[in-house]
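Residues -17 to -1, 1 to 281 in mature numbering (1 follows the signal peptide of the UniProt record, and there is no 0) are what the sequence shown spells out, letter by letter.
Working notes, structure below.
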Amino acid sequence: MMSRLLFFFVFLYTVTTLTSTTSGACQTSCGSIQINYPFGIDKGCGSPQFQGMLNCSSTDLYFITPSGGYKVRSIDYDKNTMVVFDPLMSTCSTLQPHHDFKLSDIQNAIIRPSYDTVFALFNCSSDSPVQNRYKSLCFEAAGHSCDELYSSCTSFGIFNTTSGNHTASLGNSTVSATPYCCFTSYDTVRVMSMNILDCSHYTTVIDDGKIRGVTPVDWSYGIELSYSVPEIGCDRCRKSGGTCGFDAETQIFLCQCSNNTSPRDCGGVSDKGGCNSRSTNYAMLLLGMLVSFICAIL
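Below, the structure written as structure tokens:
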């Protein structure tokens, strides 16, 4: 008798816990940034492929990668882009120790720097691969040159030197030359680390057609990520008033409604004619167990 009671109460606790977990509300914003599908902060919210990529700390939203957390500046759900900024990245006014920008394999597949994101590598040695065998990986950045960056940016101006491999003698005078730099794409820094590239610092700028003729001081520094949205019926869920999410255990799509979850939408009835509310299914299972228990003790 006691073993039956113990089993029943354990079962009751498990079912009620699962029911409350699956019907929890998803966080819809972090600070001033809206959190919509495919992104999610809470467990079971958004698309499972993007699970764990965002973290809300107080009023700041961060994009989490193997190389650290990057502050999210904006998310454009119409263009499927996210702009992030690395506080440890060098800019025209601030020089920071270099570190690699790394994404996980799944991030490289579904959310990676767009072609508008330019990686500028600074203070590269004469032996750098991008100055020799892979020089073709460097390109012009909207008409801007290395000389312009070194001369107009207080942070990068420190690399100007009158000694070493970057000087040339003309008679009795010495002409100073700026160290090598390279404007390149994300694929370059993805394949070759900063140590392999043999460049001491880097920065990223978003070339959305607005930096031509603009001095580096006024550039938009950051990384624009372009992401793909899984087509799994989220529009149907949203139109019915639900929030798109997934089962944390099975990774199956779920439409989170005001008081339950559904495999499709918040309409209440599935194509098979049965109740499509997961919490209702748990309730029916609990009721069946209760009836069986009562019959067993009578």
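Every residue gets a Cβ at the ideal spot worked out from N, C-alpha and C, and that includes glycine.
Please give the ranges of any beta strand (DSSP E) in the segment 92 to 123, keeping only runs that are unbroken, at least 3 residues long and fully inside the region. The DSSP assignment places complete beta strand (DSSP E) segments of no fewer than 3 residues inside the segment 92 to 123 at 94 to 96 and 100 to 107, in order along the chain.
Burial state of phenylalanine 122 (16 or more Cβ within 10 Å): Looking up residue 122 in the sequence shown gives position 139. Counting the other Cβ atoms within 10 Å of the Cβ of phenylalanine 122 gives fewer than 16, which makes it exposed.
May I have the straight-line CA-CA distance separating isoleucine 194 from proline 162, to the nearest angstrom? Within the sequence shown, the letter at position 211 stands for residue 194. Within the sequence shown, the letter at position 179 stands for residue 162. Distance between the alpha carbons of isoleucine 194 and proline 162 is about 23 Å.
Count Cβ pairs between the segment 41 to 59 and the segment 74 to 81 that sit closer than 8 Å; are there 3 or more? Not touching, per the Cβ criterion.
Going by DSSP, name the residue or residues bridged to histidine 81. The residue given as residue 81 occupies position 98 in the sequence shown. Answer by DSSP bridge pairing: none, since histidine 81 is not bridged.
Range of the contiguous beta strand (DSSP E) that encloses threonine 44: Here the question's residue 44 lines up with position 61 in the sequence shown. The question names threonine, but residue 44 in the sequence shown is leucine. Looking at the DSSP string, the run of the beta strand (DSSP E) that includes leucine 44 is 43 to 48.
Hey, could you find the ends of the beta strand (DSSP E) aspartate 230 is sitting in? Along the sequence shown, read from residue 1 onward, the residue named residue 230 stands at position 247. Boundaries for aspartate 230: no beta strand (DSSP E) harbours it, and the DSSP string shows neither H nor E there.
Nearest by alpha-carbon distance to threonine 90: which of Gln34, Ser12, Gly228 and Cys240 is it? Stepping through the sequence shown from its first residue, residue 90 is reached at position 107. The question names threonine, yet the displayed sequence has glutamine at residue 90. Nearest in C-alpha terms to glutamine 90, of all of Gln34, Ser12, Gly228 and Cys240, is Gln34.
By alpha-carbon positions, which one of Val55, Phe84 and Lys118 ends up nearest to serine 109? Here residue 109 refers to the residue found at position 126 when the sequence shown is read from its first residue. From the listed residues Val55, Phe84 and Lys118, the smallest Cα separation to serine 109 is found for Lys118.
CB-CB under 7 Å to valine 55, same chain, minus the five flanking residues each way: which ones, in chain order? Working through the sequence shown from its first residue, we reach residue 55 at position 72. Same-chain partners within the cutoff: Ile16, Leu44, Tyr45, Phe46, Met65 and Val67.
Anticipated Cβ contact below 8 Å, glycine 23 with cysteine 9, distance rounded: As a first step, residue 23 is located in the sequence shown; it is residue number 40 there, counting from the start. As a first step, residue 9 is located in the sequence shown; it is residue number 26 there, counting from the start. That belief holds up - the Cβ atoms of glycine 23 and cysteine 9 are roughly 6 Å apart, short of 8 Å.
Taking C-beta to C-beta, are tyrosine 185 and methionine 177 nearer than 8 Å? Position 202 of the sequence shown holds residue 185. Position 194 of the sequence shown holds residue 177. Between tyrosine 185 and methionine 177, the C-beta gap is smaller than 8 Å, which places the two residues in contact.
Three-state secondary structure (DSSP) at isoleucine 141? For the purposes of this step, residue 141 is identified with residue 158 of the sequence shown, where counting begins at 1. In this structure, isoleucine 141 counts as helix in the three-state DSSP scheme.
Okay, do the segment 199 to 214 and the segment 225 to 233 touch, 3+ Cβ pairs below 8 Å being the bar? No, because fewer than three Cβ pairs between the segment 199 to 214 and the segment 225 to 233 fall closer than 8 Å, the two stretches do not touch.
Residue closest to serine 183, alpha-carbon to alpha-carbon, out of Gly29, Cys28, His81 and Tyr20: As a first step, residue 183 is located in the sequence shown; it is residue number 200 there, counting from the start. Residue His81 is the option with its Cα nearest to serine 183.
Please report the straight-line C-alpha distance between serine 3 and leucine 37, rounded to a whole angstrom. Position 20 of the sequence shown, counted from the start, is the residue given in the question as residue 3. Position 54 of the sequence shown, counted from the start, is the residue given in the question as residue 37. The pLDDT assigned to serine 3 is 42, lower than 50, so where the model puts this residue is not dependable; a value taken from the coordinates is nonetheless given after this. For serine 3 and leucine 37, the distance between alpha carbons rounds to 23 Å.
Can you check DSSP and say which residues form a bridge with tyrosine 133? Reading the sequence shown from its first residue, position 150 is the one you call residue 133. Answer by DSSP bridge pairing: none, since tyrosine 133 is not bridged.
To the nearest angstrom, how far is the alpha carbon of valine 158 from that of asparagine 143? Here the question's residue 158 lines up with position 175 in the sequence shown. Here the question's residue 143 lines up with position 160 in the sequence shown. Confidence is the limiting factor: at valine 158 the pLDDT is only 46, short of 50, which leaves the residue's position unreliable, though a coordinate-based value still follows. Each residue's Cα considered, the two are about 11 Å apart.
Supposed contact pair phenylalanine 236 and glycine 250 - C-beta distance, whole angstroms, cut 8 Å: Within the sequence shown, numbered from 1, the residue matching residue 250 stands at position 267. Within the sequence shown, numbered from 1, the residue matching residue 236 stands at position 253. That belief does not hold up - the Cβ atoms of glycine 250 and phenylalanine 236 are roughly 15 Å apart, past 8 Å.
Beta bridge counterpart(s) of arginine 66 as assigned by DSSP: Walking along the sequence shown from the start, residue 66 turns up at place 83. In the sequence as presented, arginine is not what sits at residue 66; that position holds valine. Ser57 and Glu207, per the DSSP bridge assignment.
For alanine 151, count neighbouring C-beta atoms within 10 Å of its own C-beta (all shown protein chains included) and say buried if the count is 16 or more, exposed if not. Numbered from its first residue, the sequence shown carries residue 151 at position 168. Low local confidence applies: a pLDDT of 44 at alanine 151 is under 50, so the model's placement there is unreliable, with the coordinate-based value given in what follows. Label assigned to alanine 151: exposed.
Output needed for valine 200: all residues of its chain with C-beta closer than 8 Å, excluding positions within five of it in sequence on either side, in chain order. Residue mapping note: residue 200 aligns to position 217 of the sequence shown, counting from 1. When the five nearest sequence neighbours on each side are left out, the beta carbons in the same chain lying within less than 8 Å of the beta carbon of valine 200 are those of Cys75, Ser76, Ser135 and Cys136, in order along the chain.
Which residues does DSSP list as the beta-bridge partners of threonine 244? What you label residue 244 is simply residue 261 of the sequence shown in a count that begins at 1. Beta-bridge analysis with DSSP links threonine 244 to Gln239.
For tyrosine 169, the three-state DSSP class (helix, strand or coil): Counting from one through the sequence shown, the residue named residue 169 turns up at place 186. Tyrosine 169 falls in the helix class under three-state DSSP.
Span of the alpha helix (DSSP H), counted from its first residue to its last, around asparagine 38: Residue 38 sits at position 55 when you count from the first residue of the sequence shown. Counted as a single uninterrupted DSSP element, the stretch harbouring asparagine 38 is not any alpha helix (DSSP H) but the beta strand (DSSP E) occupying residues 37 to 40.
First and last residue of the beta strand (DSSP E) that includes isoleucine 189? Counting from 1 along the sequence shown, the entry for residue 189 is found at position 206. Per DSSP, the continuous beta strand (DSSP E) segment holding isoleucine 189 begins and ends at 182 to 189.
Local Cβ density within 10 Å of proline 96, reported as buried at 16 or more and exposed below that: One-based indexing of the sequence shown puts residue 96 at position 113. Buried: at least 16 other Cβ atoms inside 10 Å.
Buried/exposed call for glutamate 232, threshold 16 Cβ in 10 Å: As a first step, residue 232 is located in the sequence shown; it is residue number 249 there, counting from the start. Classification of glutamate 232: exposed, given that the 10 Å Cβ count is below 16.
In whole angstroms, what is the alpha-carbon distance linking aspartate 69 and glutamine 114? For the purposes of this step, residue 69 is identified with residue 86 of the sequence shown, where counting begins at 1. For the purposes of this step, residue 114 is identified with residue 131 of the sequence shown, where counting begins at 1. If you draw a straight line from the Cα of aspartate 69 to the Cα of glutamine 114, it is about 26 Å long.
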